[in-house]
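In the working numbering, the protein residues as written are 1430 to 2179.
Let me begin by presenting the structure, written as structure tokens, before commenting on it.
Printed below as a string of structure tokens:
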């Protein structure tokens, strides 16, 4: 309150001044404030101060102004998440109403968050959410840093349990429609990384193996056919690394990547999933799990598609497996057992299998046809014989490097042929032509089609051991038969194979050979039952093959079964008769094994025979040319197709050798099947065309491939597959010329 002045008026008692009472009141208050100022009692009102507004206003607090020379009265108002309560007589209450984070536009935790057993839900998992987060907080988070919901995980990742009533399973994707999704095109290189818009990888893909390919020049630092390991960078970029561990290294300071310069490489550059194997049926990658509907379970199942069993002795659909472990051990070790038996026999019976070695003094190799003419001096060999060429025993130079370096053949390693070895390596090859001093064999074509010049040969490098090779072949037949009867029960396959040594009442073996055959069977028996079936290491006497083992030994009783079956083989080898009970395999309604179907007549027994099996393949897809129906593994499925093949042989043979008669064994017993082709087909006049085409088949294929390479150098293809398909097409054309139809051509190109 300010100083109070007494109004004395104009004139006395004119009613214009303060009354005597009012004048004394003001005087008293003025003296009271003076006493208060000097500390002599009394109080001064806040509003009495000159720098305080006369009116304070309701619910306001004083605050000095910016210059600090006056008092302002201001209201207190709550901001976002704050409330003010001024109604109390003795206090002002300030409260935080921000108990939900939605009222904070940039919330951040100052410490660990305890959810206190409460649910947290509804996160946004998107690129837009990452962008908003980084803008609000000035951070550099990526999509990988976001916390995900259970539903997000269930819809994107492998589930350990399904819906109601199906908990515990992992659900696998169905077979893709094609393998195209395993390849992506490299659009460019940026910052050393591969650019591929919306590539689809995530950080969970880090370390995945992909193979690089370029139809032009390789990018700097990359090599076509080499596998690299990817790491997610952005939705449009991945980096390349030399190892899986490097691609999965999360330390930016130590991680090493293959940095590819921008603009590097020409042509179409792609990355292809290294886990995809085109040889395997289907469009899955080789390392992924398959759905139940696409696999066969060990406990028992049925198949809707064909199953290829490598080197298997007979038909198997519907069979009841007797001894799967014993069967597996025997079949896996067939080559090994045969090699060991022959090595033992040759060591203990020197001279029994006469082996003649010849020195090569000259050799002419035609790489486009695979034909090799060897000059070996005077010899008694015929086109019925087989020979082996010792490993690395022939030395050639070639025009590819100007005949600067020597190269030895046949090679055990380093060849571009399947398996990395030359076709003639450790393999008996057939003689296709002879002269007084030369023999001709086919050792396979070469991708190096330049001229090859003979340099030298090791002594005794060409070996003829016809009886040894035949004995080894027959030993493998016996092993196949034993394996079949071990797995499917009975003895019918061993009986069938054992009878092949006899033609009627006459043995096809000489007296000494019968004893040899029995001793070989006995050695086979001992190796199989004492070593193979027990997974016990056998002391090898040869190095061409090695023993294979599995986790389980042969089933109890399998050794006794081998002894029993070998006894039957020996009985048949010696006498041609088996008086015991012939027990069929437990595989009803199908042929138990491939049956031979001969092309002969009553006056002439042809060396040509065809095999028929209920589980053969009439299409002959994948069968080497000239081998159609000629072995257990290449059997026809139907007698009809075998008869057509026999008819084809007849049409192109110099003499008519039909009709065709053969005993065929099946469950109901033995029946004679006669196929008469007389009058079935008239000659088309193209028989000589087939003879000439067959003789030049390899030459035609090689010339066609050479033409493709010369005129389409950038065309990428599988040479082996192309050569096979060209052979199919050529065979179909020739057969259609003979028949006057187009069915064979279309069948071979379907």
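C-beta atoms are modelled at their ideal positions from N, C-alpha and C, and glycine is treated no differently.
Note that this is a predicted model, so its numbers are computed, not measured.
The beta carbon of residue 2056 sits closer than 7 angstroms to those of 2063, all from its chain and outside the five residues before and after it, given in chain order. Excluding five sequence positions before and after residue 1757, the CB atoms of its chain that fall closer than 7 angstroms to its own CB belong to 1979, given in chain order. Shown here for residue 1617: same chain residues with a beta carbon closer than 6 angstroms to its own, the five before and five after excluded, namely 1624 in chain order. Bounds of the beta strand (DSSP E) holding residue 1800 are 1800 to 1804. With contacts defined as CB atoms closer than 8 angstroms, residue 1839 and residue 1867 fail to qualify as a contacting pair. When 1514, 1498, 1499 are compared, the shortest CA-CA separation from residue 1505 is found for 1514. The way I'd put it, the region 1539 to 1549 doesn't touch the region 1507 to 1526; fewer than three beta-carbon pairs between them come closer than 8 angstroms.
Looking at the DSSP output, residue 1492 shares a beta bridge with 1501. Rounded to the nearest whole angstrom, the C-alpha separation of residue 2137 and residue 2127 is 16 angstroms. Residue 2164 and residue 2069 have their C-alpha atoms roughly 16 angstroms apart.
Going by C-alpha positions, residue 1891 is about 20 angstroms away from residue 1902. Under the three-state reduction of DSSP output, residue 2059 falls in the coil class, being neither helix nor strand. Between the beta-carbon of residue 1879 and that of residue 1823 there is about 17 angstroms, and that puts the pair past the 8 angstroms contact cut.
Under a 10 Å Cβ-count criterion, residue 1907 is classified as buried, with 16 or more other Cβ atoms of the shown protein chains found around its own Cβ. Distance from residue 2155 to residue 2133 at the Cβ level is roughly 6 angstroms; contact confirmed, criterion being Cβ atoms closer than 8 angstroms. Secondary structure at residue 1544: coil, using DSSP grouped into helix, strand and coil. Taking the Cα of residue 1526 as reference, the smallest distance to any Cα among 1507, 2158, 1440, 1611 is reached at 1507. Note: residue 1881 is bridge-paired with 1827 in the DSSP secondary-structure output. As DSSP reads the structure, residue 1448 sits in no beta bridge. If the five residues before and after residue 1562 are omitted, its C-beta is found closer than 6 angstroms to the C-beta atoms of 1570, all from its own chain and listed in chain order. Judged by DSSP secondary structure, residue 1861 falls outside any alpha helix (DSSP H) and instead within the beta strand (DSSP E) spanning 1858 to 1863. Take residue 1489, set aside five residues on each side of it, and the residues of its chain with a beta-carbon closer than 7 angstroms to its own are 1502, 1503, 1504, in chain order.
In this structure residue 1763 is in contact with residue 1905, their Cβ atoms being roughly 6 angstroms apart against a cut-off of 8 angstroms. Rounded to the nearest angstrom, the gap between the Cα atoms of residue 1804 and residue 1995 is 44 angstroms.
In the structure shown, the three-state DSSP call for residue 1660 is strand.
For residue 1774, the enclosing alpha helix (DSSP H) begins and ends at 1763 to 1777. Short of 6 angstroms from the beta carbon of residue 1470, and not among the five residues preceding or following it, lie these beta carbons of its own chain, in chain order: 1464. Bridge partners of residue 2074 according to DSSP: none are assigned. Between the C-alpha atoms of residue 1924 and residue 1770 there is a straight-line separation of about 21 angstroms. According to DSSP, residue pairing for residue 2130 in a beta bridge does not occur.
When rounded, the separation of the alpha-carbon atoms in residue 1975 and residue 1912 is 19 angstroms.
Comparing C-alpha distances from residue 1652 to each of 1660, 2000, 1639 shows the shortest one belongs to 1639. CA-to-CA, the gap between residue 1521 and residue 1510 works out to about 17 angstroms. About 7 angstroms separates the beta carbon of residue 1802 from that of residue 1792, a gap short enough to meet the 8 angstroms contact definition.
Residue 1865 is positioned such that its CB atom lies closer than 8 angstroms to that of residue 1807. Looking at the DSSP output, residue 1669 shares a beta bridge with 1659, 1687.
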